[in-house]
Amino acid sequence: MSRPVFWFSLIMIVYPYFGYPLVLYFLRKIRVARNPNGVPSGEFTPTVTVLIPVHNEEGTIESKIRNTLSLEYPRKNLQIIAVSDGSTDSTPAIVRKYLGEGVTFIAMERRRGKAQALNTGLAAATGDIVVFTDVSILLEPDSLRAIVKRFREDAIGCVSGSDCIPGGGGEGIYGRYELFLRNMESAVHSIVGASGSFYAQRRSICPPFLEGMAPDFLSALTTVEKGYRAVTESTACGHMASAKQAKDEFRRKERTILRGMTTLYQKKNLLNPYRYGIFSFFLWSHKVSRWLVPFFMILLFLLNAFLLEERFYGAIFIAQCAFYLAACVPLLGTRGSRNPLSNMPHYFCLSNAAILFATMKYAIGIRQEIWTPTKR
Numbered sequence: 002m003s004r005p006v007f008w009f010s011l012i013m014i015v016y017p018y019f020g021y022p023l024v025l026y027f028l029r030k031i032r033v034a035r036n037p038n039g040v041p042s043g044e045f046t047p048t049v050t051v052l053i054p055v056h057n058e059e060g061t062i063e064s065k066i067r068n069t070l071s072l073e074y075p076r077k078n079l080q081i082i083a084v085s086d087g088s089t090d091s092t093p094a095i096v097r098k099y100l101g102e103g104v105t106f107i108a109m110e111r112r113r114g115k116a117q118a119l120n121t122g123l124a125a126a127t128g129d130i131v132v133f134t135d136v137s138i139l140l141e142p143d144s145l146r147a148i149v150k151r152f153r154e155d156a157i158g159c160v161s162g163s164d165c166i167p168g169g170g171g172e173g174i175y176g177r178y179e180l181f182l183r184n185m186e187s188a189v190h191s192i193v194g195a196s197g198s199f200y201a202q203r204r205s206i207c208p209p210f211l212e213g214m215a216p217d218f219l220s221a222l223t224t225v226e227k228g229y230r231a232v233t234e235s236t237a238c239g240h241m242a243s244a245k246q247a248k249d250e251f252r253r254k255e256r257t258i259l260r261g262m263t264t265l266y267q268k269k270n271l272l273n274p275y276r277y278g279i280f281s282f283f284l285w286s287h288k289v290s291r292w293l294v295p296f297f298m299i300l301l302f303l304l305n306a307f308l309l310e311e312r313f314y315g316a317i318f319i320a321q322c323a324f325y326l327a328a329c330v331p332l333l334g335t336r337g338s339r340n341p342l343s344n345m346p347h348y349f350c351l352s353n354a355a356i357l358f359a360t361m362k363y364a365i366g367i368r369q370e371i372w373t374p375t376k377r
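Numbering (our numbering), first residue to last: 2 to 377.
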């Protein structure tokens with residue numbers, strides 16, 4: 002009995018990261034062959050609202066405002082709203098310096114969380130398209146035009162930008178892997194989640210944001226639920242730095258997963274393949290199966306320990322031990338401890354540990370409503 006469960010566990014670990022991308026690759030080939038036409042060309046500049054939620058970001062808010070004002074888009078069609086979620090530093094004073102340049106500032110007296118900040122901004126938005134962007138990301142000059150042009154297609158309801166994270170560390174490699182998956186999903190049908198730092202949605206279908214949920218995930222799911230497609234635009238690029246410390250990245254991942262689980266439970270109807278077809282398959286493969294990986298990792302390791310009398314399984318056990326030891330190397334913090342051979346195992350294990358902790362929190366009813374953004 003141990004052997005079948007061992008191999009099933011191994012398959013369940015491998016599938017989300019290698020099997021699912023392979024399936025997407027072949028589905029994309031079929032889709033492109035049937036629908037060779039690309040995005041319609043030509044000038045397209047609908048009214049746009051750029052919405053920036055902020056809490057105590059005096060060190061970065063000015064560069065974000067300047068970056069937004071420098072975007073290549075007709076000013077008469079552009080509304081910029083910054084919403085302060087109970088900031089207690091000089092953030093409000095910094096933003097107010099730009100009121101004469103077309104920036105609208107809304108100050109919430111007490112901290113109520115990102116969801117309420119977004120809802121407050123949406124209530125004041127006038128653009129047909131709402132672009133949600135975090136303070137931590139700086140956009141390329143043409144990124145706004147690039148992300149908005151996709152809405153020329155009536156079937157498109159939500160468009161995700163691309164997070165450009167420099168370096169060959171685990172977070173940067175993982176970010177590029179996620180972008181690859183989104184591009185594939187987008188070509189076949191719809192992405193299952195947008196970039197939380199930079200994405201756009203038709204204002205007419207923007208959902209009311211609820212605390213404890215992931216706004217970017219909720220927007221993508223609501224888009225599909227309302228009969229539209231959610232896609233990605235790889236040329237709409239925003240730059241952000243990697244998390245400075247592993248513990249910061251762990252907390253961010255744990256928070257993101259916990260909020261993702263809360264969101265998916267609210268929209269669990271989308272998991273029904275009889276109603277939502279291939280998109281339901283995407284959700285099961287991209288989200289649910291990945292959230293199960295840490296449990297299968299533990300099961301695989303324990304089962305492997307009981308199969309050591311066979312040389313083949315002994316070799317696999319040694320490989321597992323080597324993998325986990327490599328994952329621990331960056332924790333030493335010494336010069337040279339971060340290298341490609343240890344970065345990916347480290348980030349993979351960190352991500353799955355975050356899933357494990359997030360699942361336990363979700364199971365006992367803990368929800369993440371207000372948090373401090375990851376410092377980059």
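In this text, a Cβ means the ideal position worked out from N, Cα and C, and glycines have one as well.
Because the structure is a prediction, the values reported are computed rather than measured.
Residue pairing by DSSP places Q202 opposite V131, C159 in a beta bridge. The region 213-225 and the region 316-328 do not touch, with fewer than three beta-carbon pairs separated by less than 8 Å. Taking the C-beta atoms as reference points, S352 is found no nearer than 9 Å to Y178. A distance below 7 Å between beta-carbons, with the five flanking residues on each side excluded, links E102 to the following residues of its chain, in chain order: L70. In the DSSP assignment, S281 falls within the unbroken alpha helix (DSSP H) covering 274-284. Runs of the beta strand (DSSP E) lying entirely within the region 33-96 and spanning at least 3 residues, in chain order: 49-55, 79-86.
By the neighbour-count criterion, in which 16 or more other beta carbons inside 10 Å mark a residue as buried, T50 falls on the buried side.
The alpha-carbon of F302 is positioned some 13 Å away from that of M13. As for any alpha helix (DSSP H) of minimum length 4 sitting wholly inside the region 306-361, the runs are 312-329, ordered along the chain. Counting other Cβ atoms within 10 Å of its Cβ, T233 reaches 16 or more and is therefore classed as buried.
Taking 9 Å as the cut-off, the Cβ atoms of M109 and T127 do not count as close. Measuring C-alpha to C-alpha distances from I138 to each of K288, E63, A116, L211 identifies E63 as the nearest.
Boundaries of the alpha helix (DSSP H) around I148: 144-149. By the criterion of at least three beta-carbon pairs nearer than 8 Å, the region 252-262 is in contact with the region 358-369. Rounded to whole angstroms, Y275 and T134 show a C-alpha spacing of 34 Å. F106: member of the beta strand (DSSP E) spanning 104-109, first to last residue. The three-state secondary structure of H287, taken from DSSP, is helix. The closest CA to that of D164, considering only A237, W285, P17, I206, is found on A237. In terms of CA proximity to I192, L271 leads the group L271, L211, R312, S3.
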